[in-house]
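Numbering (my numbering), first residue to last: 367 to 604.
Heads up, the beta-carbon is just placed ideally off N, CA and C, and yes, glycines get one too.
Just so you know, these numbers come straight off a predicted model, no measurement behind them.
Here's the structure, in structure tokens; my notes come after.
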Ligand SMILES: Cc1cc2nc3c(=O)[nH]c(=O)nc-3n(C[C@H](O)[C@H](O)[C@H](O)COP(=O)(O)O)c2cc1C
């Protein structure tokens, strides 16, 4: 509930195009999101994907970027998506399903300085970062994109935008010639303008249509994700 209130607050304050009030019907929301296009550089799903593409799933989730205080059992939080009892987050869960279905590698983006364990404080910090354009420093985890042709890129909507850590990540990598397939989870804002933002950040990449899933629906959305993937015509033999 706390997350939804925060999401509605964020949505109202940022005047993003899709209001929380109109987003209570999961099916409608998801359908809208799937049909969203990426702007001028966007391709229809599947049109530019090579056979035998090597696939990577990159994602950012609060669950992997939260500072856990001593004695805090994050897995006990009702709002968290869990994976074998460990927090994985909404975006992390979708990332896991995509990786399973496409036999992809996964890469979780992590900041050097974790976000506060207190959710409201994390929401506030995220707002300050978006407003100030502050790009947090990322942990130096090895990643060589030359090994991959197709890269799913997932993130939660933070204040109508991508978390600023995503901007740090795009700064740190060269996506020229790659196909980027975005996915997003949110409390109702969906992608906002983030797909166009990715295309602007990576003008030499092909950014396809993606999928946005409401936070409330994530745990029941595995079939929807699988169906979406099968429509992308990815070659899944790796
Ligand atoms: C800092 C912060 C800002 C957020 N801003 C929005 C927002 O503007 N619109 C929205 O719909 N949801 C917003 N949310 C909710 C998240 O997008 C949503 O809960 C998402 O599914 C979380 O994914 P995760 O568990 O992978 O981090 C925000 C959450 C946080 C922590």
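Residue i CB to nearest heavy atom of ligand 1 below 8 Å
i: residue 524; result: yes
i: residue 516; result: no
i: residue 428; result: yes
Identity of the residue in the options nearest residue i by Cα
i: residue 561; options: 555, 552, 551 and 575; result: 575
i: residue 470; options: 421, 566, 550 and 532; result: 421
i: residue 570; options: 583, 473 and 546; result: 546
i: residue 520; options: 459, 450, 596 and 506; result: 459
i: residue 480; options: 432, 583 and 494; result: 432
Counterpart residues of residue i in DSSP-defined beta bridges
i: residue 511; result: The partner list for residue 511 (beta bridge, DSSP) is empty, contrary to what the question assumes.
i: residue 481; result: 432
i: residue 527; result: 524
i: residue 504; result: 477
DSSP-derived helix/strand/coil call for residue i
i: residue 573; result: strand
i: residue 452; result: strand
i: residue 428; result: helix
i: residue 536; result: helix
i: residue 556; result: coil
i: residue 586; result: helix
i: residue 597; result: coil
i: residue 578; result: strand
i: residue 422; result: strand
i: residue 567; result: helix
i: residue 466; result: helix
Segment limits, beta strand (DSSP E) that includes residue i
i: residue 474; result: 471-474
i: residue 552; result: 545-552
i: residue 518; result: 516-522
N-terminal and C-terminal residue of the alpha helix (DSSP H) that residue i is part of
i: residue 492; result: 485-498
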